[in-house]
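Before any comments, here is the structure.
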Amino acid sequence: MKCPGCASDMAATMVQSIEIDRCPSCGGIALDKGENEEIEAIGVASVIEGGVERAHEHRTTTARCYECNRDMIALRGAGDVEYDWCDGCERLFFDRGELTALDAFVDT
Ligand SMILES: [Zn+2]
Ligand SMILES: [Zn+2]
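Going by this note's numbering, the first residue of the sequence shown is number 1400, and it counts up by one from there.
If you want it as structure tokens, here you go:
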């Protein structure tokens, strides 16, 4: 899978025994639709369900879903976590740093 942020090939990696795609180039993280249980387990669900609003007023995104060949939509979840969403395949993409509030994504 290509990174929505920089088009590099992403690498599957394990976070708390959950497989996610992480970009070795820019550090972005992608989560596929259907991984809701996993999203819940790593704490991202609270971000997504904590009141999603479009973040267009705050920023624009250059992220692109290469699976669907369409631009992603900038959203903002609970707190100040901003992420990108593909309305085609419902993939989520987090830039490096956008998930640092979550312990699961702190680099060790
Ligand atoms: Zn990248
Ligand atoms: Zn897509």
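C-beta: ideal position from N, C-alpha, C; glycine also.
Closest residue to residue i among the options (Cα-Cα distance)
i     : options                    : result
K1432 : R1421, G1496, R1490, W1484 : R1490
R1495 : D1470, M1400, P1423, K1401 : P1423
G1427 : K1401, I1438, A1440        : K1401
A1406 : G1476, D1486, C1488, D1470 : D1470
Between the CA atoms of residue j and residue i - distance to the nearest angstrom
i     : j     : result
I1417 : N1468 : 26 Å
T1460 : T1412 : 24 Å
F1492 : D1408 : 14 Å
D1483 : G1442 : 17 Å
P1403 : C1425 : 10 Å
A1462 : R1421 : 14 Å
E1439 : G1487 : 21 Å
E1497 : E1466 : 22 Å
Three-way DSSP call (helix, strand, coil) for residue i in this model
i     : result
A1444 : helix
E1489 : coil
E1497 : coil
E1466 : coil
Below-7 Å beta-carbon distance, residue i vs any chain C residue
i     : result
N1468 : Going by chain labels, chain C is absent from the structure shown, which holds only one protein chain.
For residue i: DSSP bridge partner residues
i     : result
K1401 : D1408
V1345 : This structure does not reach residue 1345, given that the chain is present from 1400 up to 1507, and the question cannot be answered.
| message | Give me the pocket residues for ligand 1, defined as CB within less than 6 Å of any heavy atom, sorted by chain position. | response | C1402, G1404, C1405, S1407, C1422, S1424, C1425, G1427
Quiz item: Can you pull every residue whose C-beta falls closer than 6 Å to some heavy atom of ligand 2, listed in chain order?
Solution: C1464, E1466, C1467, C1485, G1487, C1488, R1490
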